[in-house]
Amino acid sequence: MRFYICADIEGVAGVVDIDQLQPSGSGHDEARRLMTGEVLAAIEGVRAAGGGEIVVADSHGNGRNLLIPDFPDAVELVQGWPRPLVMMQGIEQGRFDGMLFIGHHAGAGSTDGVLAHTMSGRLIADVKVNGESWSETDLNAAIAAQFGLPVLLATGDDAYTGHVQRILPGTATVTTKAAFGASSARSLTPAASRAKIRSAAEEAVRALPSAEVSALPQAPLEVELTLKRRQATELLAYLPIVERTAAHTVRFRVGDVLELNAMLYFVTAYDPKGALF
Numbered sequence: 222m223r224f225y226i227c228a229d230i231e232g233v234a235g236v237v238d239i240d241q242l243q244p245s246g247s248g249h250d251e252a253r254r255l256m257t258g259e260v261l262a263a264i265e266g267v268r269a270a271g272g273g274e275i276v277v278a279d280s281h282g283n284g285r286n287l288l289i290p291d292f293p294d295a296v297e298l299v300q301g302w303p304r305p306l307v308m309m310q311g312i313e314q315g316r317f318d319g320m321l322f323i324g325h326h327a328g329a330g331s332t333d334g335v336l337a338h339t340m341s342g343r344l345i346a347d348v349k350v351n352g353e354s355w356s357e358t359d360l361n362a363a364i365a366a367q368f369g370l371p372v373l374l375a376t377g378d379d380a381y382t383g384h385v386q387r388i389l390p391g392t393a394t395v396t397t398k399a400a401f402g403a404s405s406a407r408s409l410t411p412a413a414s415r416a417k418i419r420s421a422a423e424e425a426v427r428a429l430p431s432a433e434v435s436a437l438p439q440a441p442l443e444v445e446l447t448l449k450r451r452q453a454t455e456l457l458a459y460l461p462i463v464e465r466t467a468a469h470t471v472r473f474r475v476g477d478v479l480e481l482n483a484m485l486y487f488v489t490a491y492d493p494k495g496a497l498f
């Protein structure tokens, strides 16, 4: 059996502050170790239940957070940017039996999630798809469904796991910390969090025969994107497929979740002056 893991950092136990998120921050080295530990715990659980090949997408920040030397054989890592499927790159290569979200966070519309955002905390205020606010997990779970994969496990703070239980009721969750605010929480210790994740991953893989792929949203998708910067909204509306509906909001239509994923990544990452090649 093959399994796919999408790994992020904001939902990891012990990660609460923006200083832990970027290589320039004094807390980033510690956060990398914490993130790596939780992903390794999930891998141990998957393997204990009979899982074989595992692909892990390092999907936070610069895409080079996980400590590669710590990983066992038969695990492959997706790293770096840009990449066409963004956080879910690699899921399109071969057949997988299921996937896990490790260390994820609530979306931009959350009022209480730790370090909550969607795609870009500096740019995006909200993403609505067919009238509903979407988080990264809404989008990435839909991409998993596009490729026929059930989401077996999701881990993060209580705002995040509560959201997952609403949108993916058949998915197991592990709550790594209880949010007090945007950058504060009551967290499990790394050892306790890893133990819970390992156990939950093993149980989720053993329950794979009863797992269901989530339903895809009705296409075409009507998207309403609200940005934090008014000028960014103005410039985006120069694209002929985009309609500006308010000072900070645009609307556009896409055919499926893969097109949406590409569009959101373009909006948040396009920087021709910063391109190296």
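Sequential numbering from 222 applies to the sequence shown in the working numbering.
Glycine included, C-beta positions come from ideal geometry on N, C-alpha and C.
All of these numbers come straight from a predicted model, not from anything done at the bench.
query: Looking at the structure shown, is M308 part of a helix, part of a strand, or coil, going by DSSP?
result: If you number the sequence shown from 1, residue 308 lands on position 87. Secondary structure of M308 (DSSP, three-state): helix.
- request: Apply the 10 Å Cβ neighbour rule to L460 and answer buried if 16 or more other Cβ atoms are within range, or exposed otherwise.
  value: Taking the first residue of the sequence shown as 1, we reach residue 460 at position 239. Exposed: under 16 other Cβ atoms inside 10 Å.
- prompt: Helix, strand or coil: which one does DSSP assign to K398?
  reply: The residue given as residue 398 occupies position 177 in the sequence shown. Residue state, collapsed to three classes: strand.
Straight-line gap, V335 to G402 (C-alpha atoms, nearest Å): Counting from one through the sequence shown, the residue named residue 335 turns up at place 114. Counting from one through the sequence shown, the residue named residue 402 turns up at place 181. Distance between V335 and G402, taken at the CA atoms: about 6 Å.
- prompt: Is F292 helix, strand or coil by DSSP?
  reply: Your numbering for residue 292 matches position 71 in the sequence shown. The answer is coil: DSSP assigns F292 none of H, G, I, E or B.
Closest by C-alpha distance to D279, when choosing among D238, A228, P303 and V296: As a first step, residue 279 is located in the sequence shown; it is residue number 58 there, counting from the start. Of the listed residues, the one whose Cα sits closest to D279 is A228.
- prompt: Given 8 Å as the limit, is there contact between the segment 314 to 326 and the segment 436 to 443, that is, 3 or more CB pairs closer than that?
  reply: Contact between the segment 314 to 326 and the segment 436 to 443 is absent, because fewer than three Cβ pairs lie under 8 Å.
task: Take V507 as the anchor and find which of K398, T376, F487 and G273 has the nearest alpha-carbon.
output: Outside the shown range of the chain (222 to 498) lies residue 507, about which nothing can therefore be said.
- prompt: Relative to the alpha-carbon of E265, which residue among L442, V276 and R419 has its alpha-carbon at the smallest distance?
  reply: The sequence position of residue 265 within the sequence shown is 44, counting from 1. For the set L442, V276 and R419, the Cα lying nearest the Cα of E265 is the one of R419.
For S408, three-class secondary structure by DSSP: By one-based count along the sequence shown, residue 408 stands at place 187. DSSP places S408 in strand when its eight states are reduced to three.
message: Looking only at its chain, what residues have a beta carbon closer than 7 Å to the beta carbon of G248, apart from the 5 residues adjacent to it on each side?
response: Reading the sequence shown from its first residue, position 27 is the one you call residue 248. The answer, listed in chain order, is D238, D240 and Q241.
Test: S405 CB closer than 8 Å to a CB of chain B: You won't find chain B in this structure, because it holds only one protein chain.
- prompt: For T257, which residues does DSSP report across the bridge?
  reply: Along the sequence shown, read from residue 1 onward, the residue named residue 257 stands at position 36. The secondary-structure analysis by DSSP pairs T257 with nothing; it has no beta-bridge partner.
- prompt: In this structure, what does DSSP give as the bridge partners for D347?
  reply: If you number the sequence shown from 1, residue 347 lands on position 126. For D347, which the question treats as bridged, DSSP gives the partners T447.
- request: Could you check if E464 is buried or exposed, using at least 16 other CB atoms within 10 Å of its CB as the buried criterion?
  value: Residue 464 sits at position 243 when you count from the first residue of the sequence shown. Answer is exposed; the Cβ neighbour count stays below 16.
task: Return yes when the Cβ of A412 is within less than 8 Å of the Cβ of D378, no when it is not.
output: On the sequence shown, residue 378 is found 157 positions in, with the first residue counted as 1. On the sequence shown, residue 412 is found 191 positions in, with the first residue counted as 1. Taking a C-beta distance under 8 Å as the contact criterion, D378 and A412 do not qualify as a contact pair.
- request: Give every residue of the same chain whose Cβ lies closer than 6 Å to the Cβ of E274, excluding the five residues on either side of it in the sequence, and list them in chain order.
  value: By one-based count along the sequence shown, residue 274 stands at place 53. If the five residues before and after E274 are omitted, its C-beta is found closer than 6 Å to the C-beta atoms of R223 and A295, all from its own chain and listed in chain order.
query: Can you give the Cα-Cα distance for R427 and E480, rounded to whole angstroms?
result: Here residue 427 refers to the residue found at position 206 when the sequence shown is read from its first residue. Here residue 480 refers to the residue found at position 259 when the sequence shown is read from its first residue. Approximately 33 Å between the Cα atoms of the pair.
- prompt: Since G319 is in the beta strand (DSSP E), which residue starts that stretch and which ends it?
  reply: Residue numbering aside, residue 319 sits at position 98 when the sequence shown is read from its first letter. G319 -> beta strand (DSSP E) spans G319 to H325.
message: Buried or exposed for W355, going by 16 or more other Cβ atoms inside 10 Å?
response: On the sequence shown, residue 355 is found 134 positions in, with the first residue counted as 1. W355 comes out buried.
- request: Please report the residue range of the alpha helix (DSSP H) in which L481 lies.
  value: Within the sequence shown, numbered from 1, the residue matching residue 481 stands at position 260. Taken as a continuous stretch (DSSP letters only), the alpha helix (DSSP H) holding L481 covers V478 to A490.
query: Who are the Cβ neighbours of E455 in its own chain at under 8 Å, not counting the five residues just before and after it?
result: On the sequence shown, position 234 is the one that residue 455 refers to. Answer for E455: R465, listed in chain order.
task: Leaving out five residues on either side along the sequence, give the residues of the same chain with a beta carbon under 7 Å from the beta carbon of M308.
output: If you number the sequence shown from 1, residue 308 lands on position 87. Closer than 7 Å at Cβ, skipping near neighbours: C227, A278, S280, E357 and N361.
- request: Grab me the residues of M484's own chain with a C-beta within less than 8 Å of its C-beta, minus the 5 sequence neighbours each way, in chain order.
  value: For this step, residue 484 is matched to residue 263 along the sequence shown. Contacts found: V444, F473 and V475.
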